[in-house]
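Data block below; observations after.
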Amino acid sequence: MSRGGKPTDISKKQGSQKALRADTAERLEAIVEAAERAAESVIDDAEAQARRYLAQARAEADRMAVGRVGELGDLIETLLGQAISLRREAEGLQSTLEEAKARIEPGGAPPAEARQRPELAEEQEPEETPRLRAVPVEDAPAPAPTPSPERSSDAPGARLLATQMAVSGSSREEIAERLRNGFEIEDVEAILDAILGPEER
Amino acid sequence: MTDATREIGFEQARALEERYLMRTYKRAPVDFVRGEGALLWDADGKRYLDFLTGISVCSVGHCHPDVVQAVHEQSQRLMHVSNLFYTEPMVRLAERLAESSLGGRVFFSNSGTEANECAIKIARKHAHGRGIAEPEIVSFESDFHGRSYGALAATPALAANEALGPMLPGFRAVPRNDASALREAVGESTAAVLIEPIQGESGVFPITDEALLAARQACDEVGALLIFDEIQTGIGRTGSLWAYEQTPVRPDVLTSAKALGGGYPIGACITGPAAAEVLEPGDHGSTFAGGPVATAAAIAVLDIVDDPVLLRHVRELGAYLCEKLEALDGVATTRGRGLMVGVGLEEGIDAAAVGSDLLERGLVVNAPRADTLRLLPPLVIDSDHVDLAVSLIEESLLGFSS
Numbered sequence: 001m002s003r004g005g006k007p008t009d010i011s012k013k014q015g016s017q018k019a020l021r022a023d024t025a026e027r028l029e030a031i032v033e034a035a036e037r038a039a040e041s042v043i044d045d046a047e048a049q050a051r052r053y054l055a056q057a058r059a060e061a062d063r064m065a066v067g068r069v070g071e072l073g074d075l076i077e078t079l080l081g082q083a084i085s086l087r088r089e090a091e092g093l094q095s096t097l098e099e100a101k102a103r104i105e106p107g108g109a110p111p112a113e114a115r116q117r118p119e120l121a122e123e124q125e126p127e128e129t130p131r132l133r134a135v136p137v138e139d140a141p142a143p144a145p146t147p148s149p150e151r152s153s154d155a156p157g158a159r160l161l162a163t164q165m166a167v168s169g170s171s172r173e174e175i176a177e178r179l180r181n182g183f184e185i186e187d188v189e190a191i192l193d194a195i196l197g198p199e200e201r
Numbered sequence: 001m002t003d004a005t006r007e008i009g010f011e012q013a014r015a016l017e018e019r020y021l022m023r024t025y026k027r028a029p030v031d032f033v034r035g036e037g038a039l040l041w042d043a044d045g046k047r048y049l050d051f052l053t054g055i056s057v058c059s060v061g062h063c064h065p066d067v068v069q070a071v072h073e074q075s076q077r078l079m080h081v082s083n084l085f086y087t088e089p090m091v092r093l094a095e096r097l098a099e100s101s102l103g104g105r106v107f108f109s110n111s112g113t114e115a116n117e118c119a120i121k122i123a124r125k126h127a128h129g130r131g132i133a134e135p136e137i138v139s140f141e142s143d144f145h146g147r148s149y150g151a152l153a154a155t156p157a158l159a160a161n162e163a164l165g166p167m168l169p170g171f172r173a174v175p176r177n178d179a180s181a182l183r184e185a186v187g188e189s190t191a192a193v194l195i196e197p198i199q200g201e202s203g204v205f206p207i208t209d210e211a212l213l214a215a216r217q218a219c220d221e222v223g224a225l226l227i228f229d230e231i232q233t234g235i236g237r238t239g240s241l242w243a244y245e246q247t248p249v250r251p252d253v254l255t256s257a258k259a260l261g262g263g264y265p266i267g268a269c270i271t272g273p274a275a276a277e278v279l280e281p282g283d284h285g286s287t288f289a290g291g292p293v294a295t296a297a298a299i300a301v302l303d304i305v306d307d308p309v310l311l312r313h314v315r316e317l318g319a320y321l322c323e324k325l326e327a328l329d330g331v332a333t334t335r336g337r338g339l340m341v342g343v344g345l346e347e348g349i350d351a352a353a354v355g356s357d358l359l360e361r362g363l364v365v366n367a368p369r370a371d372t373l374r375l376l377p378p379l380v381i382d383s384d385h386v387d388l389a390v391s392l393i394e395e396s397l398l399g400f401s402s
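If you read the protein sequences in the order shown, they are chains Y and X.
Mapping the first sequence onto our numbering, position 38 (from 1) lands on 38, and the numbers just tick up by one.
Mapping the second sequence onto our numbering, position 371 (from 1) lands on 371, and the numbers just tick up by one.
So this is what it looks like as structure tokens:
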């Protein structure tokens with residue numbers, strides 16, 4: 001490069017600058033490393049803390065879930081018990097309904113399903129022959145005397161009324177009032193006991 | 001708001017009605033534009049308490065959010081395909097209706113009168129199956145079953161209009177609650193006895209237990225069907241899902257409509273086992289009936305109404321309403337069951353005039369006869385609504401009592 005004394009100074013200066021740059025670079029590197037270490041430490045701490053929180057949250061969730069499952073189990077058991085009880089009650093009501101229906105069909109009227117099913121298509125006779133003929137009036141069974149619905153716990157319809165009301169959700173008191181007003185039945189307890197079971201006293 | 005739903009105001013609405021609609025209705029001078037629960041608003045923003053619910057249609061209240069949601073969701077998915085195909089809301093609703101009542105089968109229609117047409121067809125075909133050549137249907141003189149020709153023939157007061165004749169033959173009527181006349185009228189040629197368990201349009205008159213028992217017994221003796229028209233009384237109106245549940249009889253067929261769709265048109269004819277197989281392919285049909293939107297709306301309605309707590313509320317609130325009404329000057333009597341209430345006014349008080357006055361005061365009712373107001377409030381009202389309605393009626397009657 002240059003020749004003479006000046007070059008020596010420049011060379012020294014250049015050496016010094018190199019050393020300075022190297023030192024600066026080292027220091028910067030050290031700072032960056034320290035910063036990175038600090039950052040890693042912060043991240044580690046944060047992750048550790050997050051893991052702790054997560055573990056706590058999971059533990060809490062597990063604890064709550066166990067509690068809820070227990071409560072749900074109890075509730076399901078209760079509901080199952082109620083459902084079984086309701087089914088029994090419904091079966092009882094159904095049988096009472098059928099009994100009541102049979103009672104209001106005097107003379108052993110056939111069950112509704114069997115009564116006059118119009119199976120026309122296959123069973124129609126040829127046109128020349130008369131189709132199903134109405135029973136002549138004189139052959140018809142004499143109409144049963146029309147029972148008065150009043151003042152009888154066996155009044156036709158009273159039990160059906162009570163049963164239908166019970167099925168539709170009416171209370172014992174409501175049914176009793178309707179029976180008293182509609183049928184003038186004073187002692188309605190027999191009907192109510194038969195349909196709803198004896199009243200708990 | 002689309003052009004289809006934009007508001008035009010009362011005066012323009014009246015002018016268009018005057019020019020373009022057939023003159024079949026005498027409308028009250030109010031243009032309702034909005035409803036919510038038990039309340040209605042007219043085009044001027046005036047608020048009304050609705051104790052008529054579009055003649056027992058909006059029983060769950062106006063624009064019930066569950067019904068609106070069902071209609072909205074279904075109308076975005078599928079609106080119509082006809083009865084040539086299956087749609088799920090239709091079959092689900094059929095199950096709900098049959099299982100909650102007579103246990104047989106369901107035919108859907110678009111209205112109550114169509115539901116009764118179906119019942120009449122069932123009755124006649126059932127009778128032909130018994131060898132009856134000229135079947136006859138017996139009803140009460142003040143029954144109202146609809147305005148199509150079959151239903152009209154079973155509605156003696158309207159069938160008397162000779163200008164609409166000739167009427168469908170094979171119908172006869174006996175005086176309301178006349179059990180003896182009913183027994184005499186039912187014979188070998190009787191196809192069915194068709195009854196409203198509580199007559200609505202004629203002024204809210206319950207049929208007595210004695211008459212209902214006579215009808216049931218007479219039908220059983222000759223093999224005829226007992227048909228209950230529950231178009232107004234059904235869907236919780238009387239405090240049970242069906243009115244027959246509070247009577248001593250069980251019909252073979254029942255018809256439903258009005259409240260079934262919560263404001264969306266739909267009707268249904270429901271049978272018990274005895275009549276379930278009568279109609280066969282080709283016997284009956286409808287293009288629109290049982291459509292997915294109407295049946296989705298009806299399922300939402302049943303979800304609300306088929307609730308023992310609500311039904312008990314209806315019975316209790318109905319009793320409370322009648323008790324308060326009977327204490328008013330000008331009220332002679334109350335009739336009905338649950339929240340289907342006829343208010344008999346004292347002699348000399350014009351029910352139509354009272355109804356008009358109440359409308360001005362902000363209470364919507366109607367007057368089915370000269371001496372009777374009919375109250376059919378939403379089933380979801382509470383005692384505050386009842387107190388307000390009764391106080392408005394009381395104030396109105398003060399101006400009419402002598």
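Positions of the beta carbon are idealized from the N, C-alpha and C atoms, including for glycine.
Y/Ala155: not part of any alpha helix (DSSP H); DSSP gives it neither H nor E. Under the Cβ distance rule, X/Leu311 counts among the residues neighbouring chain Y, one pair being separated by less than 7 Å. The secondary-structure analysis by DSSP pairs X/Thr372 across a beta bridge with X/Gly344 and X/Arg369.
Residue range Gly267 to Thr271 is occupied by the beta strand (DSSP E) that includes X/Gly267. Per DSSP, reduced to three states, the secondary structure at X/Gly355 is helical.
In summary, no residue of the stretch 33–64 of chain X has a CB separated from any CB of chain Y by less than 8 Å. Residues of chain Y with a Cβ closer than 8 Å to the Cβ of X/Asp209 are, in chain order, Pro149, Gly157, Leu161, Gly182 and Phe183. Here the stretch 334–345 of chain X does not lie against the stretch 356–363 of chain X, with fewer than 3 beta-carbon pairs under 8 Å apart. Here X/Ser101 carries a coil assignment [DSSP, helix/strand/coil]. With 16 or more neighbouring CB atoms inside 10 Å of its own CB, X/Pro156 falls in the buried class.
Going by beta carbons, X/Thr53 and X/Gly203 fall outside the 7 Å limit.
Cβ atoms of X/Ile137 and X/Ala123 come within 8 Å of each other, at about 6 Å. By DSSP's assignment, X/Gln199 forms a beta bridge with X/Phe205. Taken atom to atom, the span from the alpha-carbon of X/Tyr264 to that of Y/Val188 is near 42 Å. One Cα belongs to X/Ala319, the other to X/Val331, and the distance between them is close to 15 Å. Every alpha helix (DSSP H) of 4 residues or more that sits fully in the stretch 115–181 of chain X is shown, in chain order, as 149–153 and 156–159.
Going by beta carbons, X/Ala327 and X/Ala351 fall outside the 7 Å limit.
DSSP places Y/Arg37 in the helix class (H, G or I) of the three-state scheme. For X/Leu325, the enclosing alpha helix (DSSP H) starts and ends at Pro308 to Glu326. Straight-line spacing of the CA atoms in X/Arg216 and X/Leu226 works out to 6 Å.
One alpha carbon belongs to X/Ile270, the other to Y/Ala59, and they sit about 56 Å apart. One Cα belongs to X/Glu184, the other to X/Tyr244, and the distance between them is close to 23 Å. Taking 7 Å as the threshold, the shortest C-beta distance from Y/Gln94 to chain X does not fall below it. Closest in alpha carbon position to X/Pro378, among X/Phe171, X/Leu39 and X/Gly399, is X/Leu39. Beta-carbon to beta-carbon, X/His126 and X/Ala191 are separated by about 7 Å, close enough to satisfy the 8 Å threshold.
When rounded, the separation of the alpha-carbon atoms in X/Arg96 and Y/Ala46 is 58 Å.
When rounded, the separation of the alpha-carbon atoms in X/Gly35 and X/Asp44 is 14 Å.
Residues of chain X with a Cβ closer than 8 Å to the Cβ of Y/Arg178 are, in chain order, Gln246. Interface residue (Cβ-Cβ distance to chain X less than 7 Å): Y/Ser41 is not classified as such. For X/Ala274, no beta strand (DSSP E) encloses it, and the DSSP letter there is neither H nor E. Across the structure, X/Gln199 and X/Arg6 are spaced so that their CA atoms are roughly 38 Å apart. As a beta-bridge residue in DSSP terms, X/Asp50 pairs with X/Val364.
From the beta-carbon of Y/Val167, the residues of chain X found nearer than 8 Å are Glu245. Taken through DSSP and simplified to helix, strand or coil, X/Arg337 comes out as strand.
Within the stretch 241–274 of chain X, contact with chain Y at the beta-carbon level (separation under 9 Å) is assigned to Leu241, Trp242, Tyr244, Glu245, Gln246, Thr247, Pro248, Val249, Arg250, Asp252, Gly272, Pro273 and Ala274. In the three-state scheme derived from DSSP, where H, G and I count as helix and E and B as strand, X/Ser111 is classed as coil.
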